[in-house]
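Below: one structure, written as structure tokens.
Numbering (our numbering), first residue to last: 212 to 417.
If you want it as structure tokens, here you go:
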């Protein structure tokens, strides 16, 4: 097999396209695959499958880890609005308007909202705590997804290690078989030692 056939591009084409979502960097995925292949040095089709599986599991686990802060950020507006409800006499519209101003791109509106929060001692930590409390279930689901991918990745490594140990045992057995001394043939019976059937041997009178 040529060096070109061992390139990550060939591995990707053989096992299908990489499992990328919109906005994910294919060059970065290929770089990760290249690092994994450099680590395990694939020589067989099973090795290449392992490299692809390990890469996919690492990539997916990292994707889910990146989702956690994005989920918290997206929940911050709702969390702040809930914190502001008592201040606005349970007026949801005004609470969400102020929360959107605080987290919006308009710096002037953000300052106005920050000035509004200041007298009530509402901090970013309070908002974060509220966002975490509101989304603990979703965060727990993401953690499970991460754990599942990492466990699956570790299982591939364990499988590879089992195959390596089995191959080493078989190689040792074969080596021992080759080195086993030949059987001493000097004591083997020869056909001419067998007496003819018509010869009777007398062992004396009884």
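A virtual CB, placed ideally from N, CA and C, is assigned to each residue, including glycine. Keep in mind that this is a model prediction, so the values were computed, not measured.
query: Closest to residue 235 by C-alpha separation, out of 344, 335, 376 and 275, would be which residue?; result: 275
query: According to DSSP, is residue 230 part of a helix, a strand, or is it coil?; result: coil
query: Using 8 Å as the cut-off, can you tell me whether the stretch 277 to 296 makes contact with the stretch 250 to 266, which would need three or more C-beta pairs spanning the two stretches below that distance?; result: no
query: Does DSSP put residue 302 in a helix, a strand or coil?; result: coil
query: In whole angstroms, what separates the C-alpha of residue 298 from that of residue 335?; result: 17 Å
query: According to DSSP, is residue 216 helix, strand or coil?; result: Caution is warranted here: a pLDDT of 44 is assigned to residue 216, below 50, making its placement in the model unreliable, and no coordinate value can be reported.
query: Decide if residue 346 is buried, meaning its Cβ has at least 16 other Cβ atoms within 10 Å, or exposed.; result: buried
query: Going along the chain, which residues of its own chain have a beta-carbon closer than 8 Å to the beta-carbon of residue 321, five neighbours each way excluded?; result: 312, 313, 314 and 315
query: Less than 8 Å between the C-beta atoms of residue 350 and residue 237, yes or no?; result: no
query: Would a C-beta distance cut-off of 8 Å place residue 286 and residue 378 closer than the cut-off?; result: no
query: Three-state secondary structure (DSSP) at residue 254?; result: coil
query: I need the DSSP call for residue 266, collapsed to helix, strand or coil.; result: helix
query: The alpha helix (DSSP H) spanning residue 235 covers which residue range?; result: Counting along the chain, residue 235 falls outside any alpha helix (DSSP H), and DSSP gives it neither H nor E.
query: Please specify which runs of the alpha helix (DSSP H), each continuous and at least 4 residues long, are wholly inside the stretch 326 to 369, giving them in chain order.; result: 335 to 345
query: Just confirm the distance between the C-beta atoms of residue 324 and residue 309, as a whole number of angstroms; I'd bet it's less than 8 Å.; result: 5 Å
query: Could you tell me if residue 366 is buried or exposed, where buried requires 16 or more neighbouring beta carbons within 10 angstroms of its beta carbon?; result: exposed
query: Which of the three DSSP states is assigned to residue 273 in this structure?; result: helix
query: Return the CA-CA distance between residue 263 and residue 374, expressed in angstroms with no decimal places.; result: 17 Å
query: Is the separation between the beta-carbon of residue 319 and that of residue 306 shorter than 8 Å?; result: no
query: Work out the CA separation of residue 258 and residue 372 for me, nearest whole Å.; result: 11 Å
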